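Written below as structure tokens is the structure these notes are about.
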Amino acid sequence: MEHKDADGMIHPQQVREMQESFAEMTRPIVLIGPMAAGKTYIGTHLARFYGYEFLDADQLIVERYGEVSEIFEIFGEAHFRELEVKVIEEVLTSPAYRNTVFSLGGGAPMTDAVAQLLRGQNVVYILVDAPTVEPRITGSKPARCCSLTRAAVE
1 MEHKDADGMI HPQQVREMQE SFAEMTRPIV LIGPMAAGKT YIGTHLARFY GYEFLDADQL
61 IVERYGEVSE IFEIFGEAHF RELEVKVIEE VLTSPAYRNT VFSLGGGAPM TDAVAQLLRG
121 QNVVYILVDA PTVEPRITGS KPARCCSLTR AAVE
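Going by the UniProt record's numbering, the first residue of the sequence shown is number 1, and it counts up by one from there.
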């Protein structure tokens, strides 16, 4: 049953129904969207609401391999993407992470291997417009690892 208003927004009843179906997950809830879309912010609140653990793919990479910007600078993007796939695959395939909200980096779903891993998963796309994201990226400290222009966001 669809519960959307004229603007296509989700009705509160649909949120309640989703809450009941997410009570005991067999797979994580995966958040994707552009860089600076608010995936971490939304993910931490969603996890707290459901009593789940929150994981951020980039943070797991930092804990295991070092700062993302340094990995890009020293080893290149291809190496970073390999590490990213490894971390994402671990979380998505391990039963230990079934009741987890998992936020991916903005570029992760663009990788074929990650796109394959996301098939059949509980994926939520965070939609945000360029004027909202742009000041978050240009004003972020430390600087985001990837250079991003307004055209790239759109």
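Glycine residues also receive a C-beta, built at the ideal position from the N, C-alpha and C atoms. Since the structure is predicted, the reported quantities are computational estimates derived from the model, not experimental observations.
Is E73 buried or exposed, if buried means 16 or more other CB atoms sit within 10 Å of its CB? exposed
Three-way DSSP call (helix, strand, coil) for residue 186 in this model: In the structure as shown, the chain begins at 1 and stops at 154. Residue 186 is therefore absent and cannot be evaluated.
Mark G66 as exposed unless 16 or more other C-beta atoms lie within 10 angstroms of its C-beta, in which case mark it buried. exposed
Can you look up E53 in the DSSP assignment and give me helix, strand or coil? strand
Can you name, in chain order, every residue of its own chain whose Cβ lies under 6 Å from the Cβ of E154, other than the five neighbours on each side? Note that E154 scores a pLDDT of 40, beneath 50, so its modelled location is shaky and nothing firm can be said.
Selection from A113, R119, I42 that minimises the alpha carbon distance to L127: I42
So the alpha helix (DSSP H) S103 belongs to, where does it begin and stop? Note, S103: premise wrong, no alpha helix (DSSP H); beta strand (DSSP E) at 100-103.
Here's a check: name, in chain order, each residue in its chain whose Cβ is nearer than 7 Å to the Cβ of R81, leaving out the five neighbours to either side. T111
Quick check: the Cα distance between V133 and H45, rounded to an integer number of angstroms? 19 Å
If we count the other Cβ atoms within 10 Å of its Cβ and call it buried at 16 or more, is Y52 buried or exposed? buried
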